[in-house]
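Below: the structure, in structure tokens.
Protein chains: 2
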Amino acid sequence: MSADVINLRARRSQPSLAPMLALTAAGMNSVNAVILDRMQSEIPLIPALAGHLISGGGKRMRPMLTVAAAELCGYLGTRHHKLAAAVEFIHTATLLHDDVVDGSDLRRGKAAANIVFGNPATVLVGDFLFSRSFELMVEDGSLKVLKILSSASRIIAEGEVDQLVASRKIETSEDHYLHIISAKTAALFAAATRIAAVVAELGEAQEQALDAFGRNLGIAFQLTDDAIDYDSDAQESGKDKGDDFREGKMTLPVILAYARGTPDERRFWEEAIAGFRTEDEDLATAVELINRHGCVEATRERARVYGQRAIAALAGFPAGEARNAMCEAVEFAIARRY
Amino acid sequence: MSADVINLRARRSQPSLAPMLALTAAGMNSVNAVILDRMQSEIPLIPALAGHLISGGGKRMRPMLTVAAAELCGYLGTRHHKLAAAVEFIHTATLLHDDVVDGSDLRRGKAAANIVFGNPATVLVGDFLFSRSFELMVEDGSLKVLKILSSASRIIAEGEVDQLVASRKIETSEDHYLHIISAKTAALFAAATRIAAVVAELGEAQEQALDAFGRNLGIAFQLTDDAIDYDSDAQESGKDKGDDFREGKMTLPVILAYARGTPDERRFWEEAIAGFRTEDEDLATAVELINRHGCVEATRERARVYGQRAIAALAGFPAGEARNAMCEAVEFAIARRY
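Structure representation (structure tokens):
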């Protein structure tokens, strides 16, 4: 069955998100309506701050995956619209809290919410969106969905703390890094796709298949993000280039460059990750070393492996528009350069 | 029925928390076991940070109210232990986020978590506890409880944002202040007691009565807290005296002192709340003005009114040890000076 996919890959030099966008257009209109409606509050600062981020050009990838997975499951109802909005609210809450945690200046190409509205309001509006997401799930009424998403939220928080503890620690291993991104990123992707099988009442096997799809896509997505941060060919991203470097985050390109480095290079990395090399020229050195040792490409290669696993996880679902769109979205996610 | 209560008040010059502690001792042992068990994580920083606050001498008032209310409802099961722990986790999460929001130095008489562990970890462990609290509710499996507590959490966040917006605004009215404390404090008290009626399956009237009890107690409790912050007779509290003043928080003693002040005094308040009078001598002036106009006593008087409403809300429940203990706990809460 994955032959379709291999053909797909051979057929296109540039995978596109267009089939995914077409597949989910109508559903995402409904999801967006829920998002806009339920971020409202009698306290005007809440929709103002939430809207700053939510209207700020996010791709809404996670709710889009819920909508696509519901299509794949042949689900004809509308329950997933509210739940997809709940997924996006959890994601938005974690972004707001991340920006406070990282002291970010930019998010999605504009000033981060913490810069515009301050840390206090940003933390609290994150809490609002997080609570609102559970209110949406309660309205839906599925304890199974509540279990999946409350567990995912807890795992995200654990992953974020784990990442915080690992930052500035040059000894962080590739395994530890994979554990961190499985928690902080992939858990919500897995939950976003899994809940589609729950509302479609397809049973445990399909739930697990969609969980595996989302989880592997999430890992592939984060690996690609982390590669782009040091990719000398990549376009400008919406966040400050070199943020990961200056924060001493141990992402895979750094882990690999440190492992492959000469003694002098390793000393550079030890100083950089400890926070003693934060100038633009240090970032340029880091990019140069990472590219010299092929660590962007090696990170992308691992992303492709997880991407293929995501695609393989869909083998048991019927071939057709939904499966093709989801597979091409995986290809797109790992090939992107921004 | 409230004659018991009036007698109780006449009988004791110093109401005591002892009957409440005795009533809930066994239940709270079980709740504490759940709290300690479920704040664990494979990421050691999480229980370390959560434990710093949780083991830091909190009164666990909210879970204690759940346990007491379950006794009042004649509930013989154990479901409320997990749910009381969920309530405490929500409260702990909001305290952690509050300390980041307020930049607190002290909490419960020792260094606040944000000082010891930094803002990033403090925000994220708050998120962990918040998610964990929903996991506990999902394990219990009552959608009604999930609805009550997800709604309460959202209202708390709205109240906190509302308070943030109102801070440094001298024109904040008494009504607005009451609206803020109803949300940021009383909503969780109301939910904590209401869920006892849910697990006891007593029906809507008793749910509403316990909601009213908790809500009025919560308002009385916050009014008393806010009075103590400016009470020249009060003992040292666990937080920095004058924090509210320096943050420009518009609490009732300030609102009343401003309303009752001379033109010169009003100018002082305008400058102070705007953040231009933050010295120790300014705090001393604030305390002097508030006490000169009887605003601590006026705030306490309002607390007594809400306390009496809380007590009256229990009139439909059987007289006995549980009701007496809860009524005396209300008296205790509004009479305390620390």
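Residue numbers (my numbering), protein chains in the order written: chain S, 1416 to 1753; chain A, 1416 to 1753.
Every residue, glycine too, gets a C-beta built ideally from N, C-alpha and C.
In this text, all values refer to a predicted model and were calculated from it rather than measured experimentally.
(request) Give the interface partners of residue 1569 of chain S over in chain A, defined as CB-CB distance under 7 angstroms, in chain order. (result) 1543, 1546, 1547, 1550
(message) I'd like the ranges of any alpha helix (DSSP H) spanning at least 4 consecutive residues and lying wholly in the stretch 1500-1537 of chain S.
(response) Listed in chain order, they are 1528-1532.
(request) Could you tell me which chain S residues have their CB closer than 9 angstroms to the CB of residue 1556 of chain A, listed as they occur along the chain? (result) Under the 9 angstroms cutoff, chain S gives 1558.
(message) Whole angstroms are fine: how far does the CA of residue 1639 of chain S sit from the CA of residue 1420 of chain S?
(response) The predicted position of residue 1420 of chain S is uncertain, since its pLDDT is 48 and thus under 50; a value taken from the coordinates is nonetheless stated next. Near 20 angstroms, if we compare the C-alpha coordinates of residue 1639 of chain S and residue 1420 of chain S.
(request) With DSSP as the reference, label residue 1453 of chain S as helix, strand or coil. (result) helix
(request) Between the Cα of residue 1737 of chain S and those of S/1490, S/1657, S/1429, S/1449, spot the shortest distance and give me the residue it belongs to. (result) S/1490
(message) Just checking: is the beta-carbon of residue 1463 of chain S within a distance shorter than 8 angstroms of some beta-carbon in chain A?
(response) no
(message) Any contact between the stretch 1577-1589 of chain A and the stretch 1661-1674 of chain A? By contact I mean 3 or more CB pairs, one from each, below 8 angstroms.
(response) When C-beta atoms of the stretch 1577-1589 of chain A are compared with those of the stretch 1661-1674 of chain A, three or more pairs fall below 8 angstroms, so the two segments count as touching.
(request) Quick one: which residues of the stretch 1479-1500 of chain A get their C-beta closer than 7 angstroms to a C-beta of chain S? List them in chain order. (result) none
(message) Do residue 1503 of chain A and residue 1478 of chain A count as a contact pair if the criterion is CB distance below 8 angstroms?
(response) yes
(request) Report all residues from its chain with a CB closer than 6 angstroms to the CB of residue 1601 of chain A; omit the five preceding and five following residues, and keep chain order. (result) Excluding sequence neighbours, residue 1601 of chain A sits near 1630, 1633, 1634.
(request) Could you tell me the distance, in whole angstroms, from the CA atom of residue 1367 of chain A to the CA atom of residue 1563 of chain A? (result) As displayed, chain A neither begins before 1416 nor continues past 1753, which places residue 1367 of chain A out of reach and without an answer.
(request) Drop a sphere of 10 angstroms on the beta-carbon of residue 1723 of chain A, count the other beta-carbons inside from all chains shown, and report buried for 16 or more, exposed for fewer. (result) buried
(request) Taking only beta-carbon positions, decide if residue 1512 of chain S is within less than 8 angstroms of chain A. (result) yes
(message) What are the residues in the stretch 1433-1460 of chain S lying within 9 angstroms of chain A by C-beta distance?
(response) So the list reads 1456, 1457, 1458, 1459, 1460, given in the order they occur along the chain.
(message) Measuring alpha carbon to alpha carbon, tell me which residue in A/1574, A/1608, A/1540 is nearest residue 1580 of chain S.
(response) A/1540
(message) I'd like to know if residue 1577 of chain S contacts chain A, where contact means its C-beta is closer than 8 angstroms to some C-beta of that chain.
(response) Among the residues facing chain A, residue 1577 of chain S is included, as its CB has a counterpart in that chain under 8 angstroms away.
(request) Could you check the C-alpha separation between residue 1559 of chain S and residue 1484 of chain S for me, to the nearest Å? (result) 17 angstroms
(request) Just the C-alpha distance for residue 1476 of chain S and residue 1747 of chain A, rounded to the nearest angstrom, thanks. (result) Whole-angstrom Cα-Cα distance: 52 angstroms.
(request) Could you work out which residue in A/1442, A/1714, A/1519, A/1675 is closest to residue 1533 of chain A when comparing CA atoms only? (result) Per the Cα distances, A/1519.
(request) Closer than 8 angstroms by C-beta to residue 1526 of chain S: which residues in its own chain qualify, once you throw out the five before and the five after it? Chain order, please. (result) Answer for residue 1526 of chain S: 1520, listed in chain order.
(message) Between S/1496, S/1721, S/1636, S/1429, which has its C-alpha nearest residue 1451 of chain S's C-alpha?
(response) S/1496
(request) Could you pull out every residue in the same chain whose Cβ sits closer than 6 angstroms to the Cβ of residue 1615 of chain S, ignoring the five residues on either side in sequence? (result) 1488, 1490
(message) Let me confirm a value: residue 1494 of chain S is counted as buried when at least 16 other C-beta atoms fall within 10 Å, else exposed. Which label applies?
(response) buried
(request) On a CA-only basis, which of S/1573, S/1621, S/1610, S/1589 is nearest residue 1513 of chain S? Give me that one, please. (result) S/1573
(request) Please list the partners that residue 1605 of chain S has in chain A, where partner means a Cβ-to-Cβ separation under 9 angstroms. (result) Simply none; closest approach about 15 angstroms.
(message) In this structure, how does DSSP classify residue 1721 of chain S when only helix, strand and coil are distinguished?
(response) helix
(request) Indicate whether at least one CB of chain S lies closer than 8 angstroms to the CB of residue 1599 of chain A. (result) no
(message) Please state whether the Cβ-Cβ distance between residue 1613 of chain A and residue 1557 of chain A is less than 8 angstroms.
(response) yes
(request) Would you please state the rounded distance, in angstroms, between the beta carbons of residue 1482 of chain A and residue 1454 of chain A? I believe it to be under 8 angstroms. (result) Actually they do not touch by this definition, with Cβ atoms about 19 angstroms apart.
(message) Please classify residue 1676 of chain S as buried or exposed, where buried requires at least 16 neighbouring CB atoms within 10 angstroms.
(response) buried
(request) Specify the secondary structure class of residue 1488 of chain S as computed by DSSP and reduced to three states. (result) coil
(message) Are the CB atoms of residue 1511 of chain S and residue 1460 of chain S within a distance shorter than 8 angstroms?
(response) no
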